[in-house]
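I have placed the structure first, in the form of structure tokens, so that the comments after it can refer back to it.
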Ligand SMILES: Nc1ncnc2c1ncn2[C@@H]1O[C@H](COP(=O)(O)OP(=O)(O)OP(=O)(O)O)[C@@H](O)[C@H]1O
Ligand SMILES: [Mg+2]
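Chains as they are written, first to last, in our numbering: chain A, 1 to 254; chain B, 255 to 675.
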């Protein structure tokens, strides 16, 4: 795409759970201001791949480079120190806490006395939610009382709030209504314009065609190929996902 | 709390659970008072109740954190016994040789050793649980046996007595109180602090433009809190010192012993300790990062981990805190009895867990309050003392306490389902 150093390079990443090679020798990269789609059937290994970047898993093999330099990411704290923020497929919210506590979990705002400043955190949460999901009202309730989409909004707000440079979104709109999905699409475009690199995992080929610059397709833990969105059609992308064939290797069957 | 249909109590900001527990307590007290013909709600009995509750309640505040993070600590009773015995032996057999008999440093050293010992033992258990991932149930079950055995070893089963006189003040009793004047001073101080905190919280909310309680609701709350504190001090200050102890207490307080002199107890020192612990633990649980992480980890351990919280180290800290509180309780319990035998702390782990659970701490993790655990301990102790004063024999007491425990948790589950919390 361009000649800069990539923001992130995942090189020959592998990880196995028991005998299952969830991710097997996969390499992908991401440039500033770029959105790279990660596609593949259920269980292809997409979430597992990005969890090695977010520090949730430590890979069995492979190398992570951030800004061209080798990065040691052994836990989520390390990932955060590289400004990598993640929206997990499972959302990773503490159900018993309210939206503000979840948004700032691990990075609480403190008062001058060193105590957590709940009021300041709620005020900040109100600000960012007004941008992401203006209909959101449930600031006092624990997030267990929120709808699936509202919970997802909280998870998105958390990833966006802390000035990520690398954003990982694992099916961020799976539970969202059309209007909220539209807002997330706008958000992705806006963040992209700010020079943030985004890995977007999605099952929606149209979304990917609309938002991404490149797409990497996985099947059974292996990388099928990475393609420029401009060079492929919806159908070609679909056949990569379903058949695991690169475009050009076979014609698309109806 | 429902925002849409706010009730009177909702506007006050009191949740139903707190009201329920206070209601249960009031019902128990009134019931026992009626049955005993007015012998239950006397200054004397309430003073004793407050002293008897202190040791278990202090530990129950720590058990809240343990249970909130989906662990359990079965070792606190044995640990209390072990620490109590060690510290007793220390002040009777070792420290007098170092400082001289009756030296003022003895009780300080003994109390510090107790807390430190608890923190270290707790941290070690927490390390096994957090880093070696052995379940807390097993680790503390092991601890339960180990400390009870170790306790025997300290003195080969011999009872240690008498404890240092200053140390014994920490256990309450006629000598171990603040006395009348200091008690009033304490009551006024606590009231002022409470009112100032409520006003400050209100100002913070106003600054951010958040919804606030109506002024009348805030006013009622302040009157309630101040009334409770002052009422408590008043009751404690109404409990007369017995004739026999009068000369001794008069001398200790520097009052001239004259005919017709009347002295009153005032708030017991262990109760002051309990109140301090309650305040500090409440601040930790609601106002510090550590507390926030405790609840987050209890609600969703994976999410906590993914948010960068070191949940293993957190486990070590939680059990260290539990241990330190057990150390404090060991001081209170041994000082109250004035002597330590090998039975000290027996079954306390179950009382502590029951107190936390009756106080609304969910064994499934994520929910529980410090004040709830303290009230839970008070309910348990009221039940036990009440039955004893009514003349219910020991076996039936156990049966009732057991049934009440299960019943209380069932009510709590129903309540949770209804409120969706
Ligand atoms: N913690 C784990 N333990 C064991 N196996 C796992 C674990 N996590 C993932 N797997 C396995 O690894 C494979 C890849 O899973 P992954 O969650 O990465 O798939 P995915 O591409 O994100 O699928 P989906 O589209 O359904 O989210 C699956 O076969 C899954 O069963
Ligand atoms: Mg997935």
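Ideal Cβ placement from N, Cα and C applies to all residues, glycine included.
A quick note: this is a predicted structure, and the numbers were derived from the prediction, not measured.
Any heavy atom of ligand 2 counts here; residues with a Cβ closer than 7 Å to one of them, in chain order, are A:46, A:47, A:89, A:170, A:171 and A:201. A straight line joining the alpha-carbon of residue 387 of chain B with that of residue 381 of chain B spans about 9 Å.
For a cut-off of 8 Å, the C-beta gap from residue 241 of chain A to residue 40 of chain A is around 6 Å, short enough to register as a contact. Annotated three-state conformation of residue 462 of chain B is helix, per DSSP. With three or more CB-CB distances shorter than 8 Å, the stretch 80-93 of chain A counts as touching the stretch 157-170 of chain A.
For residue 42 of chain A, the CB falls within less than 7 Å of some heavy atom of ligand 1. In terms of Cβ geometry, residue 633 of chain B and residue 612 of chain B form a close pair [threshold 8 Å].
The Cβ of residue 115 of chain A sits closer than 8 Å to at least one Cβ of chain B. Using a Cβ-Cβ cut-off of 9 Å, residue 101 of chain A is close to 546, 549 and 550 of chain B, given in chain order.
In the DSSP assignment, residue 239 of chain A falls outside any beta strand (DSSP E) and within the unbroken alpha helix (DSSP H) covering 234-243. Legend: CB atoms of the stretch 59-89 of chain A lying less than 7 Å from CB atoms of chain B belong to residues 76, 77, 80 and 88. Within chain A, no C-beta atom comes nearer than 8 Å to that of residue 391 of chain B; the closest sits roughly 22 Å away. Remark: C-beta atoms of residue 421 of chain B and residue 345 of chain B approach each other more closely than 8 Å. Around residue 434 of chain B, no beta-carbon contact reaches into chain A at under 7 Å, the shortest distance being about 34 Å. Sixteen is the threshold: when 16 or more other Cβ atoms of the shown chains lie within 10 Å of the Cβ of residue 551 of chain B, as they do, the residue is buried. In the structure shown, the three-state DSSP call for residue 17 of chain A is strand. Contact check between the stretch 362-378 of chain B and the stretch 560-567 of chain B: fewer than three CB pairs, one atom from each, fall below 8 Å, which does not count as touching. Restricting attention to A:25, A:36, A:22 and A:26, the CA atom closest to the CA of residue 6 of chain A is found in A:36.
By alpha-carbon distance to residue 287 of chain B, the top candidate from B:277, B:501 and B:299 is B:299. Taking a Cβ-Cβ cut-off of 7 Å, the neighbours of residue 557 of chain B in chain A comprise 92, 93 and 94, given in sequence order. Using a Cβ distance threshold of 8 Å, residue 575 of chain B and residue 274 of chain B do not count as a contacting pair. Pairing residue 404 of chain B with residue 324 of chain B, the inter-Cα distance amounts to about 28 Å. Chain-ordered, the chain B residues with CB closer than 8 Å to the CB of residue 108 of chain A read 543 and 546.
Within the stretch 159-224 of chain A, the complete alpha helix (DSSP H) runs of at least 4 residues fall at 178-193 and 205-211. Residue 65 of chain A is bridged by DSSP to A:9 and A:70.
The beta carbon of residue 363 of chain B sits no closer than 7 Å to any heavy atom of ligand 1.
The closest heavy atom of ligand 1 lies 7 Å or more from the beta carbon of residue 28 of chain A. Here residue 315 of chain B carries a helix assignment [DSSP, helix/strand/coil]. Pairing residue 559 of chain B with residue 351 of chain B, the inter-Cα distance amounts to about 50 Å. By the Cβ neighbour-count rule, residue 554 of chain B is buried, with 16 or more other Cβ atoms within 10 Å of its own.
Judged by DSSP in its simplified three-state form, residue 39 of chain A adopts strand. If you keep only unbroken beta strand (DSSP E) runs of at least 3 residues inside the stretch 406-463 of chain B, you get nothing at all.
Interface criterion met: the Cβ of residue 122 of chain A is under 8 Å from a Cβ in chain B. Closest in C-alpha terms to residue 124 of chain A, from the list B:462, B:341 and B:433, comes B:462.
Look at the stretch 596-620 of chain B: the residues with a C-beta under 7 Å from a C-beta of chain A are 620.
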